[in-house]
Amino acid sequence: MARSLYEHLPLTSPRSIRILKLDSVSAPTYPGQEVEIQLSLRVVNLDDHPCYNALSYTWGAPSREAAARGIDSTPTCPVNCNGDSILVTQNLFDCLQQFTHGSRGNDMEFWIDAICIHQGSEEQNQQVNLMADIYRQAKKVTIWLGKADEHTDRACVFIEKFARSCRENASETNQEVVLDELKQPTQLSALASFFNRTWFTRVWVVQEVVLSQAATVICGSCVFNWDDITQVSHYLATSVSKQEFHAAGLELQELQYKNPAKMAAVKRDLVKFAVVEKQLKRESTILLHSLIRFRNWDSFREHDKVYALLGIHKAALKLEDADPDSPLYPRYEQDVRRAYVGIAKYILENTSDLLLLAHVEGEDFQSIPSLPSWVPDWSVKGTLGLGITGYERFDAAAGTEAYVKPQISNNILTLRAAKLDTVIKISSMRQKSSLTLKKSGKTSFGGA
1 MARSLYEHLP LTSPRSIRIL KLDSVSAPTY PGQEVEIQLS LRVVNLDDHP
51 CYNALSYTWG APSREAAARG IDSTPTCPVN CNGDSILVTQ NLFDCLQQFT
101 HGSRGNDMEF WIDAICIHQG SEEQNQQVNL MADIYRQAKK VTIWLGKADE
151 HTDRACVFIE KFARSCRENA SETNQEVVLD ELKQPTQLSA LASFFNRTWF
201 TRVWVVQEVV LSQAATVICG SCVFNWDDIT QVSHYLATSV SKQEFHAAGL
251 ELQELQYKNP AKMAAVKRDL VKFAVVEKQL KRESTILLHS LIRFRNWDSF
301 REHDKVYALL GIHKAALKLE DADPDSPLYP RYEQDVRRAY VGIAKYILEN
351 TSDLLLLAHV EGEDFQSIPS LPSWVPDWSV KGTLGLGITG YERFDAAAGT
401 EAYVKPQISN NILTLRAAKL DTVIKISSMR QKSSLTLKKS GKTSFGGA
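Under the UniProt record's numbering, think of the first position of the sequence shown as 1, with each following residue one higher.
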């Protein structure tokens with residue numbers, strides 16, 4: 001039935017997308033009756049500047065608790081769209097229900113990837129290539145974190161108080177009253193539960209938020225501005241000590257409370273490039289920096305560890321839609337090894353920077369076999385080196401210009417270099433580094 005739906009709504013131009021309207025929800029009238037959701041879908045052209053909201057959400061379980069209840073990314077919930085029955089995931093079904101209950105979807109049309117793209121068809125590559133424009137042109141991006149749980153209300157109340165205190169430039173006394181709540185383990189646990197929702201770990205959401213004109217966050221019936229979330233994230237990342245987290249029984253490595261602040265930093269980078277770097281005629285390193293910053297974030301497909309961040313790079317350089325032969329054009333049918341090689345080659349050839357080479361984990365920890373020794377396997381989680389992207393602030397060569405002209409032939413990288421010295425001895429580190437690479441249960445501790 002889904003194929004019939006999309007055959008009757010073909011995308012008529014390279015800039016065409018489908019948008020949907022939430023028509024109605026029929027509540028059950030007797031126990032066991034299923035909720036019925038009615039949707040209508042139509043085709044528009046992005047060049048005509050249609051008015052719509054873009055949804056940012058996760059296909060799978062919105063939280064660990066939901067995953068434990070068996071919720072996953074399998075489409076199992078039927079909805080009616082233009083007279084055809086299609087299946088959506090449980091999390092998306094819950095989202096559509098919440099929109100209609102809250103009267104948020106009655107008059108506004110939405111772009112939702114799982115419904116507006118014929119998944120698995122030839123159009124998928126072309127639509128993914130448009131996603132940066134889809135989220136950038138949306139009137140608003142609506143972020144769905146999932147249904148409420150037992151921690152949601154407490155977390156939401158604090159976020160609202162904290163944001164209001166920042167907006168109103170509250171007195172120091174009032175701010176202390178708000179921040180004193182963080183000393184309560186129950187409050188810190190509630191915030192940890194909030195930020196541990198799956199959405200905060202998915203690599204696709206980075207460009208969806210960074211490129212948005214405005215973003216609203218919905219968790220159950222709670223609604224926030226995205227800026228409110230980033231303010232709380234920044235405070236937790238910079239002002240709450242490790243001891244306070246441990247006192248609440250929380251392990252720092254399990255928390256994603258810093259992730260909204262990371263996304264805010266990327267948005268600032270885009271502004272910086274537009275104002276400063278472009279004037280200096282520098283090539284953008286935003287793609288490489290984004291790959292480094294979000295390496296530990298999750299994606300369903302290995303291709304998406306790169307494809308999900310291409311839109312940020314295109315926005316920085318104001319690039320038009322990528323040519324299908326370009327490494328910047330998503331191609332899910334091609335081998336992921338080829339995709340990673342293409343991106344590495346593009347970065348080396350288009351930036352005067354060899355930072356990429358510092359993030360190659362080595363064949364012992366590669367997940368994708370037979371990658372060239374100069375190509376990072378972005379599907380492998382871990383932090384190499386210092387994990388920072390601000391090396392350009394340092395200038396050990398007294399202002400001289402680097403000569404970086406890579407030559408790549410048959411997947412062999414050749415570079416000109418100067419031999420400065422020779423390493424004659426190495427030793428193990430005194431203490432184990434917290435920087436690790438993980439693959440198939442193996443852990444490697446960093447060291448010389």
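Beta carbons are placed, not taken as given, at the ideal position from N, Cα and C, and that holds for glycine.
Owing to the predicted nature of the structure, the values given are computational and were not obtained by experimental measurement.
Nearest to F224 by C-alpha distance, out of T400, P327, I143, is I143.
Beyond the five residues adjoining it in sequence on each side, G60 comes within less than 6 Å, by CB distance, of D72, S73 in the same chain, given in chain order.
For the pair Q127 and R154, the CB atoms are not nearer than the 8 Å cut-off.
Rounded to whole angstroms, the gap between the alpha carbons of V88 and R268 is 35 Å. Within a 10 Å sphere around the beta-carbon of H101 sit fewer than 16 other beta-carbons, which makes this residue exposed. Counted as a single uninterrupted DSSP element, the stretch harbouring R164 is not any beta strand (DSSP E) but the alpha helix (DSSP H) occupying residues 152 to 167.
Rounded to the nearest whole angstrom, the C-alpha separation of L288 and H49 is 31 Å. Comparing C-alpha distances from S367 to each of I426, I159, V336, K140 shows the shortest one belongs to V336. Under the DSSP assignment, P324 falls outside any alpha helix (DSSP H); it carries neither an H nor an E label. Around the beta-carbon of K272, fewer than 16 other beta-carbon atoms lie within 10 Å, marking it exposed. Each of V380, R338, R331 was checked against the Cα of S121, and the nearest Cα belongs to R331.
Taking one beta carbon from each stretch, the region 372 to 380 and the region 406 to 426 have 3 or more pairs nearer than 8 Å; the two touch. Taken in chain order, the complete alpha helix (DSSP H) segments of 4 residues or longer contained in the region 299 to 371 are 304 to 307, 310 to 317, 336 to 350.
Straight-line spacing of the CA atoms in L236 and E34 works out to 41 Å. Counting C-beta atoms within 10 angstroms of its own C-beta, F195 has 16 or more neighbours from the protein chains shown and is therefore classed as buried. Annotated as distal: S63 and V209, with beta-carbon spacing of 8 Å or more. Put simply, of I115, D47, I286 the residue whose alpha carbon is nearest the alpha carbon of L22 is I115. In the structure shown, L188 adopts helical secondary structure according to DSSP, grouped into three states. Put simply, of A261, L191, V206, D84 the residue whose alpha carbon is nearest the alpha carbon of R136 is V206. Note: E36 is bridge-paired with S26 in the DSSP secondary-structure output.
Excluding sequence positions up to five before and after R202, its CB lies within less than 8 Å of the CB of T58, W297, D298, S299, all in the same chain and listed in chain order. Going by beta carbons, L41 and L11 fall outside the 8 Å limit. In the DSSP assignment, F224 forms a beta bridge with V217.
The three-state reading of DSSP puts A54 in strand, counting E and B together.
Contact between C77 and Q90 is confirmed by a C-beta separation of about 6 Å, below the 8 Å threshold. Shown here for N259: same chain residues with a beta carbon closer than 6 Å to its own, the five before and five after excluded, namely F200 in chain order. DSSP lists L41, F110 as the bridge partner or partners of L20. Taking a 10 Å sphere around the C-beta of H359, we find 16 or more other C-beta atoms and assign the residue as buried. Under the three-state reduction of DSSP output, Q231 falls in the helix class. Contact between R293 and K381 does not hold, since their C-beta atoms are separated by about 13 Å, which reaches or exceeds 8 Å. In the three-state reduction of the DSSP assignment, N411 falls in the coil class, being assigned neither a helical nor a strand state. When DSSP states are grouped into helix, strand and coil, T12 belongs to the coil group. Between A402 and S352, the C-beta spacing is below 8 Å. Remark: C-beta atoms of V43 and S16 approach each other more closely than 8 Å. Here the alpha carbons of A163 and K318 stand approximately 33 Å from one another.
The residue from H118, Q38, G70 with its alpha-carbon nearest to that of L9 is H118.
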